[in-house]
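Add 4 to the 1-based position in the sequence shown for the working numbering, that's all there is to it.
Data block below; observations after.
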Amino acid sequence: MSERVLITGGAGFIGSHVARHLLERGNDVRALDSLSEQVHGGGGRPTYLEPDVELIEGDVRDAANVDRALDGVDTVVHFAARVGVGQSMYEIADYQAVNTFGTAVLLEALMDRPVRKLLVASSMSIYGEGLYRSADGRVAEACERGPQQLERGEWEPGAELEPVPTPEWKAPSLSSIYALGKYDQERMCLLFGRAYGIPAVALRFFNVYGPDQALSNPYTGVLAIFASRLLNDRPPLVFEDGEQRRDFVSVHDVARACCLALAGDGADGRAVNVGSGESVSVREIAERLARVIGKEHIEPDVTGKFRVGDIRHCFADISLAERTLGFAPEVSLDDGMTELAEWLEGQAAEDRVEHAAAELAARGLTR
Numbered sequence: 005m006s007e008r009v010l011i012t013g014g015a016g017f018i019g020s021h022v023a024r025h026l027l028e029r030g031n032d033v034r035a036l037d038s039l040s041e042q043v044h045g046g047g048g049r050p051t052y053l054e055p056d057v058e059l060i061e062g063d064v065r066d067a068a069n070v071d072r073a074l075d076g077v078d079t080v081v082h083f084a085a086r087v088g089v090g091q092s093m094y095e096i097a098d099y100q101a102v103n104t105f106g107t108a109v110l111l112e113a114l115m116d117r118p119v120r121k122l123l124v125a126s127s128m129s130i131y132g133e134g135l136y137r138s139a140d141g142r143v144a145e146a147c148e149r150g151p152q153q154l155e156r157g158e159w160e161p162g163a164e165l166e167p168v169p170t171p172e173w174k175a176p177s178l179s180s181i182y183a184l185g186k187y188d189q190e191r192m193c194l195l196f197g198r199a200y201g202i203p204a205v206a207l208r209f210f211n212v213y214g215p216d217q218a219l220s221n222p223y224t225g226v227l228a229i230f231a232s233r234l235l236n237d238r239p240p241l242v243f244e245d246g247e248q249r250r251d252f253v254s255v256h257d258v259a260r261a262c263c264l265a266l267a268g269d270g271a272d273g274r275a276v277n278v279g280s281g282e283s284v285s286v287r288e289i290a291e292r293l294a295r296v297i298g299k300e301h302i303e304p305d306v307t308g309k310f311r312v313g314d315i316r317h318c319f320a321d322i323s324l325a326e327r328t329l330g331f332a333p334e335v336s337l338d339d340g341m342t343e344l345a346e347w348l349e350g351q352a353a354e355d356r357v358e359h360a361a362a363e364l365a366a367r368g369l370t371r
């Protein structure tokens, strides 16, 4: 029997892909989304959102909107959130209002409308620095970089530390307001699920990329930001020395992981990484993107500056997802970037990156 699934933030990049996968599995899908101008450009319902998705335009902080969206719903996927590390450091009240208070409004509504399952999007940002191993083979968790070290351009947490895949048992180390809000969302949903007997799962997404990203939002995923620059024949701006490593995972794999979490019970009550299980440097990702879209003559601008709240290395250990969800990535980085390049051919992007960088610099958040 098909279910009706509510996706908060369902008109966004990841939410729309999850909606498509759920529709293909025979579910009815409703999206509650504020259609914020920064993400959607004020253009109303996005063209990439499947026509069979019922869209309710409204803010997750409004209890009346949430009550309306929950009517007749069997399962909830909670994606509604403000995203972006840098912007979160100066739009603090709004980020916390949407991410933390918005989640609280949803959970209070669910007290009176219990559902079969609750899935929430968490983030790799809650880890802060990823996991490291010292020269003698010991695991090193607390590897935060201090401001004086960064001012000297000493980018690595320690000369003898090797970055290794980050598992879920690593203690959170919140280095931005965005990370704090995502951790709030994760913990609130898992605590609520235990208290009220609703199976809840938190999926910690790493760097998600793919078609339908918001190219004109300068605080979205790094690949979309780089694409916006390249489409305007400008070099991607790369902080530090560009050798920081991240885990880039296709939105198609992320959507599959969400469907697996909704269908099975192996991850109930847990927080689970969703990534590719591989790492690549930010400089390399900028160079590879330039090549696949035919702009290899545009080299990244490695600024030698750092942003407050940034971390050096973090990439996913996905063994728990394999055990609890039966998840394994299917889209290689090469194939995913080829698909992204094909989608970008018909896209235009307003490059707002320099404006965003100036905003951060004016507030002392880049140095």
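We put the CB at the ideal spot given by N, CA and C, even for glycine.
Values in this document were obtained by computation on a predicted structure and should not be read as measured data.
(message) Measuring alpha carbon to alpha carbon, tell me which residue in Ser-92, Phe-105 and Ala-275 is nearest Pro-203.
(response) Start at 1 with the first residue of the sequence shown, and residue 203 comes out as number 199. Minimum Cα distance to Pro-203 is reached at Ala-275.
(message) Taking 8 Å as the cut-off, does the segment 69-83 touch the segment 116-131 (at least 3 CB pairs, one atom from each stretch)?
(response) With a cut-off of 8 Å, the segment 69-83 and the segment 116-131 count as touching, because enough Cβ pairs lie within range.
(request) Measure the alpha-carbon distance for Ala-320 versus Phe-17 and round it to whole angstroms. (result) Residue mapping note: residue 320 aligns to position 316 of the sequence shown, counting from 1. Residue mapping note: residue 17 aligns to position 13 of the sequence shown, counting from 1. If you take the alpha carbons of Ala-320 and Phe-17, they lie about 21 Å apart.
(request) Find out if the Cβ-Cβ distance for the pair Arg-72, Leu-59 is shorter than 9 Å. (result) Locating residue 72 in the sequence shown gives position 68, counting from the first residue. Locating residue 59 in the sequence shown gives position 55, counting from the first residue. For the 9 Å CB-CB criterion, Arg-72 and Leu-59 do not form a contact.
(message) Suppose only complete runs of 3+ residues qualify. What are the beta strand (DSSP E) ranges in the segment 202-226, listed by chain order?
(response) Entirely contained in the segment 202-226, the beta strand (DSSP E) runs reaching 3 residues are, in chain order, 204-209 and 211-213.
(request) May I have the straight-line CA-CA distance separating Val-70 from Arg-149, to the nearest angstrom? (result) The residue labelled residue 70 in the question sits at position 66 within the sequence shown. The residue labelled residue 149 in the question sits at position 145 within the sequence shown. Answer to the nearest angstrom: the Cα atoms are 41 Å apart.
(request) Compute the distance between the beta-carbons of Gly-270 and Gly-330, then report whether it is under 9 Å. (result) Counted from its first residue, the sequence shown places residue 270 at position 266. Counted from its first residue, the sequence shown places residue 330 at position 326. Their beta carbons are under 9 Å apart, which means Gly-270 touches Gly-330 by this criterion.
(request) In the DSSP assignment, find the unbroken alpha helix (DSSP H) run with Asp-63 in it and report its ends. (result) Here residue 63 refers to the residue found at position 59 of the sequence shown. In this chain, Asp-63 is not harboured by any alpha helix (DSSP H), its DSSP state being neither H nor E.
(message) Classify Thr-51: buried if its beta carbon has 16 or more other beta carbons within 10 angstroms, exposed otherwise.
(response) To locate residue 51, count along the sequence shown from 1; it is residue 47. Exposed, by the Cβ-count rule.
(message) For Pro-2 and Ala-360, which I take to be in contact (beta-carbon distance under 8 Å), what is that distance rounded to the nearest angstrom?
(response) Nothing in the structure corresponds to residue 2, since the chain is present only between 5 and 371.
(message) Within 10 Å of its beta-carbon, does Met-115 have 16 or more other beta-carbons around it, so buried, or fewer, so exposed?
(response) Stepping through the sequence shown from its first residue, residue 115 is reached at position 111. Classification for Met-115: exposed.
(message) Short of 7 Å in beta carbon distance, which residues of its chain neighbour Ile-229, apart from the five on each side in sequence? Order them along the chain.
(response) Counting from one through the sequence shown, the residue named residue 229 turns up at place 225. Correct list, in chain order: Pro-222 and Val-357.
(request) Give the straight-line distance between the Cα atoms of Ser-180 and Ile-130, rounded to the nearest whole angstrom. (result) On the sequence shown, position 176 is the one that residue 180 refers to. On the sequence shown, position 126 is the one that residue 130 refers to. When rounded, the distance between both Cα atoms is 9 Å.
(message) Quick check on Glu-190: buried or exposed, where buried means 16 or more other Cβ atoms within 10 Å of its Cβ?
(response) Mapped onto the sequence shown, residue 190 falls at position 186. It counts as buried.
(message) The beta strand (DSSP E) that contains Pro-167, what's its start and end?
(response) Start at 1 with the first residue of the sequence shown, and residue 167 comes out as number 163. Secondary structure note for Pro-167: its beta strand (DSSP E) is the uninterrupted segment 166-168.
(request) May I ask you to report which of helix, strand or coil DSSP gives Ile-11? (result) For this step, residue 11 is matched to residue 7 along the sequence shown. Reduced to three states, the DSSP call for Ile-11 is strand.
(request) Take Glu-172 and list the residues in its own chain whose beta-carbon comes closer than 8 Å to its own, dropping the five residues that flank it on each side. (result) The residue given as residue 172 occupies position 168 in the sequence shown. Counting only Cβ-Cβ distances below 8 Å, and skipping sequence neighbours, we find Arg-208, Arg-274, Ala-275, Val-276, Asn-277, Asp-321 and Leu-324.
(message) Just to confirm, is the Cβ distance from Leu-235 to Gln-91 under 9 Å?
(response) In the sequence shown, residue 235 corresponds to position 231, counting from 1. In the sequence shown, residue 91 corresponds to position 87, counting from 1. Contact: no.
(message) Assuming the contact rule is C-beta atoms closer than 8 Å, Ala-54 and Arg-29 should be a hit. Round their C-beta distance to whole Å, please.
(response) For the purposes of this step, residue 54 is identified with residue 50 of the sequence shown, where counting begins at 1. For the purposes of this step, residue 29 is identified with residue 25 of the sequence shown, where counting begins at 1. The question names Ala, yet the displayed sequence has Glu at residue 54. With 8 Å as the limit, Glu-54 and Arg-29 do not qualify as a contact, their Cβ atoms being about 13 Å apart.
(message) Can you find the residues in the same chain that come closer than 7 Å, C-beta to C-beta, to Ala-175, ignoring five residues on each side of it along the sequence?
(response) Numbered from 1 along the sequence shown, position 171 holds the residue referred to as residue 175. Only Glu-145 meet the Cβ criterion.
(request) Identify the continuous alpha helix (DSSP H) that holds Ala-362 and give its terminal residues. (result) As a position in the sequence shown, residue 362 is number 358, starting the count at 1. Where Ala-362 is concerned, the enclosing alpha helix (DSSP H) stretches over 357-366.
(message) If I follow the unbroken alpha helix (DSSP H) through Val-119, where does it start and stop?
(response) Residue mapping note: residue 119 aligns to position 115 of the sequence shown, counting from 1. Segment: none, Val-119 is in no alpha helix (DSSP H) and carries neither H nor E.
(request) Enumerate in chain order the residues of its own chain whose CB-to-CB distance from Ser-6 is below 7 Å, with the five nearest sequence positions on each side excluded. (result) One-based indexing of the sequence shown puts residue 6 at position 2. Counting only Cβ-Cβ distances below 7 Å, and skipping sequence neighbours, we find Gly-30, Asn-31 and Asp-32.
(request) Assuming Leu-154 contacts Leu-344 (C-beta within less than 8 Å), just tell me the rounded distance between them. (result) For the purposes of this step, residue 154 is taken as residue 150 along the sequence shown, with counting starting at 1. For the purposes of this step, residue 344 is taken as residue 340 along the sequence shown, with counting starting at 1. Taking 8 Å as the upper bound for CB-CB distance, Leu-154 and Leu-344 are not in contact here, some 31 Å apart.
(message) What does the alpha-carbon distance come out to for the pair Phe-310 and Phe-243?
(response) The count along the sequence shown starts at 1 and reaches residue 310 at position 306. The count along the sequence shown starts at 1 and reaches residue 243 at position 239. In this structure, the straight-line span from the alpha carbon of Phe-310 to that of Phe-243 is close to 6 Å.
(message) DSSP three-state label for Tyr-136, please.
(response) Counted from its first residue, the sequence shown places residue 136 at position 132. Here Tyr-136 sits in strand by DSSP.
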